[in-house]
Structure formats: structure tokens, C-alpha cells
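Undergrad:
Protein chains in written order, with our numbering: chain E, 12 to 406; chain X, 3 to 273.
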């Protein structure tokens with residue numbers, strides 16, 4: 012099932028004398044420019060109380076490294092195993108190969124003993140939240156390994172002040188997120204969700220012949236944010252004969268542009284005015300916050316579609332609601348909103364020219380597994396004093 | 003003729019002594035009796051090439067939407083009951099998976115071109131093998147036996163023409179040969195699939211899911227079991243339903259009609 016992907020990103024390297032832990036070298040599949048992507052909206056709050064039906068604390072048998080017993084492996088803190096927000100069970104098994112797994116519940120029940128053991132935290136879907144209180148209670152914490160590329164939910168400066176490193180997983184997320192961008196673009200253009208509803212509705216007696224979508228092939232795609240994910244989107248869109256424009260902090264090399272037929276737009280306005288589809292693939296920073304607002308939406312074609320696979324806060328959501336209501340743009344397709352999920356009475360949920368997916372950019376069996384592997388490799392590199400594949404620094 | 007209407011029956015042909023040509027929209031002609039038309043000396047044209055890219059695009063859309071559970075996901079995102087997005091809600095990856103294309107005509111080939119950009123492994127089954135350059139341009143591997151394709155594919159996409167030979171091409175046997183993790187995508191004609199066998203296969207998880215732009219009939223009766231299955235997405239035959247393509251179809255049909263009326267060689271004539 013996991014075909015051509017560089018599935019096993021961890022490669023065992025020989026133990027060196029004096030090294031107490033098994034060391035791993037991270038192999039990543041392709042050279043890609045770092046793109047720090049965000050995973051959850053800033054207001055995400057951690058719950059220290061466990062869900063009643065969580066499977067927290069139950070040990071899962073997994074093969075142990077022959078070299079050491081479980082307790083001698085470095086401790087990694089996670090929110091929980093299983094349940095609604097915990098680490099998936101098969102990922103926990105992966106972690107257990109290299110770490111002594113400590114859930115938040117176990118930590119809180121026995122802070123004195125556990126706090127010293129925790130050298131790393133595995134942040135999965137933004138949990139556990141990393142606040143000052145937690146950092147103060149973990150004297151031996153060296154690294155926070157984030158599953159996912161976005162780190163907008165982490166206070167990088169505060170964490171850095173505690174001498175703790177932060178790592179993310181830019182390589183594991185790229186294919187699946189690019190795929191979701193393409194999925195949203197195609198589904199929106201061809202009115203797929205609406206179409207499904209018509210096909211199965213009890214009221215449908217015939218299929219109307221004048222029911223039309225818009226073309227993707229040969230249309231113009233404007234990619235805002237041409238990092239690893241943006242570039243993979245361009246590679247896919249090129250096969251649809253799309254004309255590709257892009258806007259980025261820095262221009263890509265000529266060979267890279269040529270390989271996907273992408274034209275650089277130094278001014279974002281030029282991209283907005285010419286594109287049939289505008290796709291947002293930036294990371295969330297103070298500079299990209301509300302990057303797309305009323306002015307930008309006004310510059311877009313009235314026949315254009317906005318697709319967001321970056322972070323909800325990159326768009327001024329109120330401006331988007333207005334633009335969609337007044338047909339300033341044709342439609343939107345969002346994998347991300349602010350917050351997630353939206354309040355149930357939010358106007359975006361009531362519009363019929365919008366598709367919203369529940370932040371599933373990396374929600375595939377393969378990607379989730381690769382993200383855990385990449386995070387593990389990063390955390391081990393920090394703990395073993397080796398070059399760190401994907402460290403994130405505060406600005 | 004737009005969307006198979008008006009229906010061409012003998013009675014109609016008898017009542018139109020000066021009828022020279024029937025121009026049919028779209029590429030499929032399974033709804034027409036070619037022998038009947040020919041016996042009245044009426045020519046026939048279709049619009050084969052202009053529909054290809056839109057239909058290929060829709061095939062890709064169905065494959066991606068099915069594998070990433072987009073329709074379900076959208077419903078969750080907008081449902082009044084949703085309080086949070088669960089962590090263990092996962093789809094399957096398209097990038098790097100194996101796509102088996104059954105019917106490598108114009109549409110099938112365009113699907114292969116698109117799928118290649120997703121680094122998919124591409125297998126295909128066709129009446130005739132394509133030439134080496136065409137195969138290597140999309141990295142497609144020929145499967146002389148459809149069974150080989152069915153057994154190895156994560157996604158099986160049907161883009162054949164409907165003929166007596168392809169009717170019920172995919173039945174109980176073929177579905178059982180597919181992986182239990184595989185998805186069937188149909189952008190050809192509903193009759194290419196044995197629908198009852200498909201319902202059973204989906205109910206019993208013999209295959210994982212199906213995504214159909216075409217069924218038999220269209221629309222399905224409102225109590226049809228396919229409408230109730232969670233692992234199916236159905237679109238209302240929208241393979242060529244874009245403004246640009248419909249306009250191009252009309253232009254093609256105009257050209258064919260004009261040629262037919264003036265006795266010139268007819269573009270897109272069906273013989």
C-alpha cells in the first residue's frame with residue numbers, strides 16, 4: 012500500500028563509542044526549500060482533563076530496542092494515546108521504539124518523578140499546548156517535535172528562551188497537502204459536492220442539462236507561496252495544461268520555474284487579476300496574516316475561485332463572506348478556517364458557493380505515519396547532538 | 003441531438019424525408035441505432051475530442067475526492083452537530099498509488115497524463131496496446147489481461163466506449179479480483195458495470211469504494227441501494243459539463259451539420 016514513497020525515513024547508523032542511545036539518520040525523499048506551515052489556529056486550547064473514553068495510559072506492546080530497557084530510553088511527553096485528540100495507536104507504537112512514552116495523565120499524576128525523565132514532547136494536532144507552566148515543569152526538556160509543518164500554534168520565542176529546540180515535518184506533509192489543494196480546486200470547479208447532493212437527493216427526477224461547472228484544463232492557476240507544497244501543486248497543475256503564475260517572497264531558480272512552466276509575479280496584484288484559481292500555500296506569520304482581504308478579493312476575477320490550504324488566518328474571513336455573498340468571486344474551497352471548526356452559526360457554513368473540508372491536508376494513513384517518523388528522527392537528532400534535519404527558529 | 007434528445011425512432015425518421023444528418027452532442031453513441039440511421043441514408047456525427055479533457059479532469063476529481071473522503075469531510079465541516087474534528091479521521095493517498103486505466107482512448111490517455119504528475123504507477127488495459135513513445139510519455143504499463151490490472155490497482159478507472167463487448171465488463175468476478183482497499187471510478191457508461199454486483203461488492207467491502215459519474219439509468223430510481231451506501235459518490239453525468247466545452251461541442255455540431263447539408267466531408271462523422 013505504501014508504494015513509491017520513501018516510507019521508512021529512518022535509517023539506522025552504527026553506534027559510536029560512548030553513545031548510549033541508538034542513533035538514527037533521517038533520510039528525506041527530495042530536496043525542498045523549507046516551508047513552515049501551520050497546523051491549527053492560534054486559539055487552540057489544551058485540555059489537561061482526559062476524555063472519559065480515552066485509552067490513555069494503557070501500555071501497548073511494541074518491539075523494544077535490544078540495546079536498552081524502556082525506562083532508559085529518553086522520555087517523550089504526549090497528550091494521550093487514542094481517544095478523540097490523542098496520538099493514534101500505531102503512531103504511539105512507533106514512538107515506543109525509541110522513547111519512553113509518558114502521557115499527560117501519567118505526568119500530572121506523578122510530576123516529581125516524571126518531570127525529570129521528559130526530554131522531548133511530541134506535539135500531535137497541536138496537542139499538548141506548550142505554555143510557560145509546562146516548560147517550567149520540565150527541567151530536562153530539549154526538544155519539541157511537532158507533527159506537521161505549521162508551527163503557528165507554538166510560541167517559538169518563549170520556547171527558545173527555555174533553551175528548547177523546535178522541529179517540524181516539512182517533507183512528510185508535502186504530497187498529501189498538494190493533493191488536497193488539487194482535490195479542492197477540481198471539486199469546486201466541477202461543483203462536485205453539489206453534484207453529489209443532486210445525484211442522491213430524494214427530490215431529483217432528472218439531471219438538468221444546463222447545469223455547468225468551469226474548466227480546470229488550460230485555466231490559469233495563481234499559486235501564492237511557492238515552497239515545497241506550492242511547487243508540488245504546480246507540478247500537478249502542469250499536467251492539466253494549466254497556465255501557472257506564482258507569487259513568493261523569493262523568486263525560484265529558472266530551471267525550477269521552467270520545469271513546471273511557472274511565471275513569477277513580483278506583485279501579488281498581477282497574479283490576482285489574471286488567475287482563474289488562486290491557491291494559498293503560505294505559512295502563517297505576522298506578514299501573511301489577513302494576506303487576502305477585501306482589496307485582494309476585489310482584484311480577483313468575478314469568475315475566480317479561492318482555495319486555501321495554508322491557515323485560516325491568512326484570509327480575512329469576514330471579507331470573504333461578503334465577497335462570496337456579493338459574487339465578487341465565484342467560489343471558495345477551504346481546508347482551513349479560523350477557528351477549526353467554525354462556530355455552527357458562522358455565515359460561511361450557509362453559503363452555497365463554498366466547499367469546506369475539516370483540515371485534512373495530511374489526513375492520510377501514509378502521511379500521518381511519515382510525519383511521526385520525521386518528527387522522531389528530528390527529536391532523536393537533537394537528543395543525540397546530531398545535525399537536525401528540520402529545526403524551526405524564532406524570527 | 004442534445005443529451006440524447008430527441009429520441010430517434012423509426013417513426014421519426016419516416017416523417018422527415020429530407021433529413022440529412024443527426025449531430026449528437028458528446029462522444030457516446032450507444033443511445034443511437036446506427037443501422038437504422040444508415041438504412042435511411044442519414045449521416046451521423048458526434049463530438050469526440052472536445053469532451054476529452056473535461057472528462058479526464060472529472061475522472062481525476064472523482065479519484066481524489068473519493069480517496070480523501072471530500073464529500074464526507076465537507077458534510078462534517080458544515081454539520082450543525084460537529085463540535086470538533088477527530089484526529090483519527092483519515093483518507094488514503096493518491097500520490098504514489100497505482101492507477102489502472104481500463105480503456106486507453108483519448109480520455110484514458112489524458113487521465114494517464116494527469117495521474118503521472120501525482121507520481122502514480124499507471125497500468126492500462128486496452129483492445130490494442132499503445133505504441134512505445136505514448137506509453138513511456140506517461141509511464142504506462144500495458145496489461146494484456148484485465149485481471150492483472152485489477153489485482154494490482156489501488157484505483158481502477160473505466161474509460162471505455164460502451165459496446166456489446168464492454169457491457170457488464172466489470173461484474174462480480176472482476177470486483178472480487180480487485181484489492182479490498184481499491185476504489186472503482188466510472189466515467190464511461192453505467193452499463194459497463196454490473197450494478198447489482200457493484201452494490202453487493204460495496205456492501206460486503208469486497209472493494210473499498212466507488213465513484214461514479216455514470217449509472218444506469220440516469221438518474222437512478224430514488225430507492226436504489228447505490229444511493230444509500232456510504233462508500234459511494236455519484237455525480238450527475240457531468241463529465242463534459244463546463245461552459246467552454248459545451249460551447250465547443252455546439253460549434254463542432256454546427257460544422258458537422260453544415261458539411262452534412264452541403265454534401266462536403268463531415269467532421270467527426272461516425273461510420
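Where is the CB? At the ideal position from N, CA and C, for every residue including glycine.
1) Who are the neighbours of residue 99 (chain E) on chain X, taking C-beta pairs under 9 Å?
2) Would you mind listing the beta strand (DSSP E) stretches within the segment 209–241 of chain E that are 3+ residues and don't spill past its ends, in chain order?
3) Mind checking if residue 78 (chain X) is an interface residue toward chain E, Cβ cutoff 8 Å exclusive?
4) Between E:232, E:154, E:287, E:182, which has its C-alpha nearest residue 393 (chain E)'s C-alpha?
5) Check the Cβ of residue 322 (chain E) against every Cβ in chain X and list those closer than 8 Å, keeping chain order.
6) Do residue 192 (chain E) and residue 271 (chain E) have their beta-carbon atoms positioned less than 8 Å apart in this structure?
7) Does the beta carbon of residue 243 (chain X) come closer than 8 Å to any beta carbon on chain E?
8) For the segment 50–74 of chain X, which residues have a beta carbon sitting closer than 7 Å to at least one beta carbon of chain E?
9) Whose C-beta lies closer than 6 Å to the C-beta of residue 358 (chain E) among residues of the same chain, with five residues either side of it excluded?
10) Could you give the first and the last residue of the continuous alpha helix (DSSP H) run that contains residue 288 (chain E)?
11) If you follow the beta strand (DSSP E) that residue 157 (chain X) is part of, which residue opens it and which one closes it?
12) Could you name the residues of chain X that residue 206 (chain E) contacts, counting a contact when the two beta carbons are closer than 7 Å?
13) How many angstroms separate the CA atom of residue 407 (chain E) from the CA atom of residue 363 (chain E)?
14) Is DSSP giving residue 185 (chain X) helix, strand or coil here?
15) CB residue 323 (chain E) to CB residue 351 (chain E), shorter than 8 Å?
16) Mind checking the segment 176–202 of chain E against chain X and listing, in chain order, the residues whose C-beta falls within less than 7 Å of any C-beta there?
17) On the CB-based measure, 16 or more other CB atoms within 10 Å of its CB, does residue 38 (chain E) come out buried or exposed?
18) By the criterion of Cβ-Cβ separation under 7 Å, what are the contact partners of residue 227 (chain E) in chain X?
19) Beta strand (DSSP E) containing residue 397 (chain E): first to last residue?
20) Return the bridge partner residues of residue 46 (chain X) from the DSSP annotation.
21) Against chain X, which members of the segment 207–224 of chain E pass a CB distance test of less than 7 Å?
22) How many Å lie between residue 28 (chain X) and residue 88 (chain X) at the Cα?
23) For the candidate residues X:154, X:183, X:148, X:163, whose alpha-carbon lies nearest to that of residue 173 (chain X)?
24) Going by alpha carbons, who is nearest to residue 262 (chain X) out of X:19, X:24, X:6?
25) Taking residue 97 (chain X) and residue 185 (chain X) to be in contact with their CB atoms under 8 Å, please state how far apart those CB atoms are, rounded to whole angstroms.
26) Does the Cβ-Cβ distance between residue 281 (chain E) and residue 95 (chain X) come in under 8 Å?
27) Determine, for residue 376 (chain E), whether the minimum Cβ-Cβ distance to residues of chain X falls below 8 Å.
28) Ordered along the chain, which non-local residues of its own chain (more than five positions away) have a Cβ less than 6 Å from that of residue 58 (chain E)?
29) Considering just the uninterrupted stretch of the alpha helix (DSSP H) at residue 336 (chain E), what are its terminal residues?
30) According to DSSP, is residue 131 (chain X) part of a helix, a strand, or is it coil?
31) Flag residue 19 (chain X) as yes if its beta-carbon sits less than 8 Å from any beta-carbon of chain E, otherwise no.
32) Flag residue 97 (chain X) as yes if its beta-carbon sits less than 8 Å from any beta-carbon of chain E, otherwise no.
33) Whole angstroms is fine: what's the gap from residue 16 (chain X)'s alpha carbon to residue 344 (chain E)'s?
34) Suppose the cutoff is 8 Å on Cβ atoms and the five residues either side in sequence are ignored; what does the same chain contact list for residue 101 (chain E) look like?
35) Counting only runs of 4+ residues fully inside the segment 31–80 of chain X, write out the alpha helix (DSSP H) ranges in chain order.
36) Is there a Cβ of chain E sitting closer than 8 Å to that of residue 11 (chain X), yes or no?
TA: Reading off the structure:
1) As a first step, residue 99 (chain E) is located in the first chain; it is residue number 88 there, counting from the start. Those within 9 Å of residue 99 (chain E) in chain X are 89, 90, 92.
2) Listed in chain order, the complete beta strand (DSSP E) runs (minimum 3 residues) inside the segment 209–241 of chain E are 231–235.
3) Here residue 78 (chain X) is taken as the residue at index 76 of the second chain, counted from 1. By this cut-off, residue 78 (chain X) is an interface position.
4) Locating residue 393 (chain E) in the first chain gives position 382, counting from the first residue. Among E:232, E:154, E:287, E:182, the Cα nearest to that of residue 393 (chain E) is on E:154.
5) Stepping through the first chain from its first residue, residue 322 (chain E) is reached at position 311. By Cβ distance, chain X contributes nothing, its closest Cβ being about 15 Å from residue 322 (chain E), past 8 Å.
6) Start at 1 with the first residue of the first chain, and residue 271 (chain E) comes out as number 260. Start at 1 with the first residue of the first chain, and residue 192 (chain E) comes out as number 181. No, Cβ-Cβ distance for residue 271 (chain E) and residue 192 (chain E) is not below 8 Å.
7) Working through the second chain from its first residue, we reach residue 243 (chain X) at position 241. Taking Cβ atoms only, chain E reaches closer than 8 Å to residue 243 (chain X), which makes this a yes.
8) Flagged, chain order: 55, 56, 59, 60, 62, 63, 66, 67, 70, 72, 73.
9) Reading the first chain from its first residue, position 347 is the one you call residue 358 (chain E). Same-chain partners within the cutoff: 332.
10) Indexing the first chain from 1 puts residue 288 (chain E) at position 277. Not the alpha helix (DSSP H): residue 288 (chain E) falls in the beta strand (DSSP E), residues 288–291.
11) Counting from one through the second chain, the residue named residue 157 (chain X) turns up at place 155. Its beta strand (DSSP E) spans residues 157–160.
12) Reading the first chain from its first residue, position 195 is the one you call residue 206 (chain E). Scanning chain X for C-beta atoms nearer than 7 Å to the C-beta of residue 206 (chain E) yields 237, 238, 240, reported in chain order.
13) Outside the modelled stretch of chain E, which goes from 12 to 406, sits residue 407 (chain E), for which no answer is possible.
14) Sequence index remark: in the second chain, residue 185 (chain X) carries index 183 (1-based). DSSP places residue 185 (chain X) in strand when its eight states are reduced to three.
15) Locating residue 323 (chain E) in the first chain gives position 312, counting from the first residue. Locating residue 351 (chain E) in the first chain gives position 340, counting from the first residue. Taking 8 Å as the Cβ cut-off, residue 323 (chain E) and residue 351 (chain E) qualify as a contacting pair.
16) 186, 187, 190, 191, 193, 194, 197, 198, 201
17) The count along the first chain starts at 1 and reaches residue 38 (chain E) at position 27. Its pLDDT being 46, under 50, residue 38 (chain E) is placed unreliably in this model, and the value from its coordinates should be taken loosely. Exposed is the call here.
18) The count along the first chain starts at 1 and reaches residue 227 (chain E) at position 216. In chain order: 59.
19) Start at 1 with the first residue of the first chain, and residue 397 (chain E) comes out as number 386. From DSSP, residue 397 (chain E) is part of no beta strand (DSSP E); its letter is neither H nor E.
20) Translated into positions along the second chain, residue 46 (chain X) becomes position 44. DSSP lists X:24 as partners of residue 46 (chain X).
21) 207, 209, 210, 211, 213, 215, 217, 218, 220, 222, 223, 224
22) Residue numbering aside, residue 28 (chain X) sits at position 26 when the second chain is read from its first letter. Residue numbering aside, residue 88 (chain X) sits at position 86 when the second chain is read from its first letter. Spanning the two alpha carbons is a distance of roughly 43 Å.
23) One-based indexing of the second chain puts residue 173 (chain X) at position 171. Comparing Cα-Cα distances from residue 173 (chain X) to each of X:154, X:183, X:148, X:163, the minimum goes to X:148.
24) Taking the first residue of the second chain as 1, we reach residue 262 (chain X) at position 260. Looking at the Cα atoms, X:24 is the closest of the given residues.
25) Against the second chain, residue 97 (chain X) aligns to sequence position 95. Against the second chain, residue 185 (chain X) aligns to sequence position 183. Their Cβ separation, rounded to whole angstroms, is 15 Å, which puts residue 97 (chain X) and residue 185 (chain X) out of contact at 8 Å.
26) The sequence position of residue 281 (chain E) within the first chain is 270, counting from 1. The sequence position of residue 95 (chain X) within the second chain is 93, counting from 1. Not closer than 8 Å, so no.
27) Sequence index remark: in the first chain, residue 376 (chain E) carries index 365 (1-based). Yes, residue 376 (chain E) counts as interfacial toward chain X.
28) Taking the first chain and counting its residues from 1, the one referred to as residue 58 (chain E) is at position 47. The predicted position of residue 58 (chain E) is uncertain, since its pLDDT is 36 and thus under 50; no value can be drawn from it.
29) Along the first chain, one-based indexing puts residue 336 (chain E) at 325. 328–336 is the span of the alpha helix (DSSP H), which, as asked, contains residue 336 (chain E).
30) For this step, residue 131 (chain X) is matched to residue 129 along the second chain. In this structure, residue 131 (chain X) counts as coil in the three-state DSSP scheme.
31) For this step, residue 19 (chain X) is matched to residue 17 along the second chain. Answer no: the Cβ-Cβ gap between residue 19 (chain X) and chain E never drops below 8 Å.
32) The count along the second chain starts at 1 and reaches residue 97 (chain X) at position 95. Closer than 8 Å to some Cβ of chain E, the Cβ of residue 97 (chain X) qualifies, so yes.
33) Position 14 of the second chain, counted from the start, is the residue given in the question as residue 16 (chain X). Position 333 of the first chain, counted from the start, is the residue given in the question as residue 344 (chain E). Distance between the alpha carbons of residue 16 (chain X) and residue 344 (chain E): 52 Å.
34) As a position in the first chain, residue 101 (chain E) is number 90, starting the count at 1. For residue 101 (chain E), where only same-chain residues beyond five positions count, the Cβ hits under 8 Å are 380.
35) For the segment 31–80 of chain X, the continuous alpha helix (DSSP H) assignments of 4+ residues that do not extend past its boundaries occur at 36–41, 54–69, 72–80, in sequence order.
36) One-based indexing of the second chain puts residue 11 (chain X) at position 9. Not an interface residue.
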